[in-house]
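Protein sequence lines correspond, in order, to chains A and E. Okay, so the first sequence: first residue is 41 according to the working numbering, each after it adds one. Okay, so the second sequence: first residue is 41 according to the working numbering, each after it adds one. First the structure, in the form of structure tokens, and then the observations on it.
Protein chains: 2
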Amino acid sequence: MSELISGKSLHGHLDTMVLAVLDKADGHGFDVWRRLESEGQGGLKLKEGSLYPALYRLEKAGLVSARWEDNETKRRGPRRRIYKITRKGKRQLEKGREEWEHFVNVVGRVVGAPA
Amino acid sequence: MSELISGKSLHGHLDTMVLAVLDKADGHGFDVWRRLESEGQGGLKLKEGSLYPALYRLEKAGLVSARWEDNETKRRGPRRRIYKITRKGKRQLEKGREEWEHFVNVVGRVVGAPA
DNA sequence: CCCTATTATTTAGAAAGACTGGGTAGTGTG
DNA sequence: CACACTACCCAGTCTTTCTAAATAATAGGG
């Protein structure tokens with residue numbers, strides 16, 4: 041009966057999650073969104089309105105690069121923007137993973153076990 | 041070399057941490073602050089300007105109750121406001137702990153291990 | 001050939017939570 | 001009496017996410 045993860049509790053960890061997803065393979069925004077949802081095994085509830093700004097943020101910070109895909113293949117929809125993690129992004133991802141571990145340890149220690 | 045936990049990454053988990061601390065023993069704001077810092081074993085960096093609003097939030101939500109301490113004992117400083125977790129707060133703490141577990145599982149799965 | 005469903009991107013505005021950087025107050029100690 | 005120490009309080013700001021759309025492009029059905 042756990043609530044879906046969204047909003048406040050996600051704060052600041054989304055960027056690392058996006059980098060982790062893009063580290064496995066390049067992808068466009070919608071793709072990243074679907075992969076986040078599937079890797080989160082349904083426990084993650086993310087809005088496009090949160091994801092795209094996150095991608096812009098990462099691009100602006102030089103952690104991912106982006107290019108427009110040539111729409112040669114026959115498919116529906118507008119041109120897609122393909123994101124790729126940069127070397128700087130990979131370093132940040134490592135740092136983000138360390139921060140995540142640290143965060144889990146410290147907060148977990150305070151929150152503690154149920155009685 | 042982990043960064044101290046503060047700001048964005050804390051978002052939404054502070055309330056549960058405060059409830060967890062108050063579940064062990066009642067305490068005034070400054071006390072809660074010191075106990076958070078000590079239980080976080082130096083890994084936590086929290087400002088009073090963040091803690092007190094959190095306490096008001098919890099009080100307003102009926103998760104903690106507060107009373108002014110009679111300043112009988114000889115000590116320095118102004119009157120202290122003693123916070124105590126309520127029954128509703130205890131239920132919320134349990135829920136918060138479940139949410140924390142869930143959060144760690146889901147985000148951890150996405151963030152994954154360093155290669 | 002239009003209409004709709006699907007895929008994908010974009011954005012404006014609001015809300016929430018924590019931060020910065022102070023200030024106020026009371027009392028023991030030198 | 002000045003000062004350090006303890007404790008509390010607050011205004012304004014920043015960042016991140018959410019809400020709630022609009023827009024774009026095309027395949028496929030009728």
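Idealized CB from N, CA, C, for every residue including glycine.
* Asked: For E:Ser156 versus A:Glu139, is the C-beta distance shorter than 9 Å?
  -> This structure leaves residue 156 of chain E out entirely; chain E is present only between 41 and 155.
* Asked: Does the beta carbon of E:Met41 come closer than 9 Å to any beta carbon on chain A?
  -> Residue confidence for E:Met41 is low, a pLDDT of 41 falling below 50, so the modelled location carries little weight and cannot support an answer.
* Compare the Cα-Cα distances from A:Gly67 to each of A:Asn145, A:Gly136, A:Lys128 and A:Arg120 and report the closest residue. => Minimum Cα distance to A:Gly67 is reached at A:Arg120.
* **chain A contacts made by the segment 57–71 of chain E, where a contact means CB separation under 8 Å** => Using a CB distance below 8 Å, the part of the segment 57–71 of chain E facing chain A consists of Met57, Ala60 and Val61, ordered along the chain.
* Asked: What residue range is occupied by the uninterrupted alpha helix (DSSP H) comprising A:Lys124?
  -> For A:Lys124, there is no enclosing alpha helix (DSSP H); the residue is part of the beta strand (DSSP E) that begins and ends at Arg121 to Ile125.
* To do: For E:Arg107, write down the residues that DSSP places opposite it in a beta bridge.
  => Looking at the DSSP output, E:Arg107 bridges to E:Ile122.
* Asked: With a Cβ-Cβ cutoff of 9 Å, do A:Leu44 and A:Lys85 count as a contact?
  -> Cβ atoms of A:Leu44 and A:Lys85: closer than 9 Å.
* Could you name the residues of chain E that A:Gly152 contacts, counting a contact when the two beta carbons are closer than 8 Å? => Simply Ala60 and Arg137.
* **Rounded distance between the beta-carbons of E:Leu54 and E:Ala94, thought under 8 Å** => The pair is a contact, with the Cβ atoms about 5 Å apart (cut-off 8 Å).
* To do: Can you say whether E:Arg75 is buried or exposed, counting buried as having 16 or more other CB atoms within 10 angstroms of its CB?
  => With 16 or more Cβ atoms within 10 Å of its Cβ, E:Arg75 is classed as buried.
* Hey, A:Ile122 and A:Leu59 are a contact pair by Cβ (cut 8 Å); roughly how many whole angstroms apart? -> A Cβ-Cβ distance of about 15 Å is found for the pair A:Ile122 and A:Leu59, leaving them out of contact under the 8 Å criterion.
* Tell me whether the beta-carbon of E:Leu103 lies closer than 9 Å to the beta-carbon of E:Gln81. => No.
* Asked: Beta-carbon separation of E:Gly52 and A:Gly47 under 9 Å?
  -> Their beta carbons are under 9 Å apart, which means E:Gly52 touches A:Gly47 by this criterion.
* Under 8 Å Cβ to Cβ from E:Glu99, same chain only, skipping five residues before and after it: list those, please. => These residues qualify, in order along the chain: Ser105, Ala106 and Tyr123.
* Have a look at E:Glu79 and E:Gly69 and give me their C-alpha separation to the nearest angstrom. => Near 15 Å, if we compare the C-alpha coordinates of E:Gly69 and E:Glu79.
* Bounding residues of the alpha helix (DSSP H) (the contiguous stretch that carries A:Ser90) -> Start and end: Glu88 to Lys100.
* Asked: With distances taken between CB atoms, is the gap from A:Gly148 to E:Val144 smaller than 9 Å?
  -> For A:Gly148 and E:Val144, yes; Cβs fall inside 9 Å.
* Asked: According to the neighbour-count rule (16 or more other Cβ atoms, all chains shown, within 10 Å of its Cβ), is E:Trp73 buried or exposed?
  -> Answer is buried; the Cβ neighbour count reaches 16.
* **A:Val61 and E:Val150 closer than 9 Å at C-beta** => If you check the CB distance, A:Val61 and E:Val150 come in under 9 Å.
* Residues bridged to E:His68 (per DSSP) -> Note: E:His68 is bridge-paired with E:Ile122 in the DSSP secondary-structure output.
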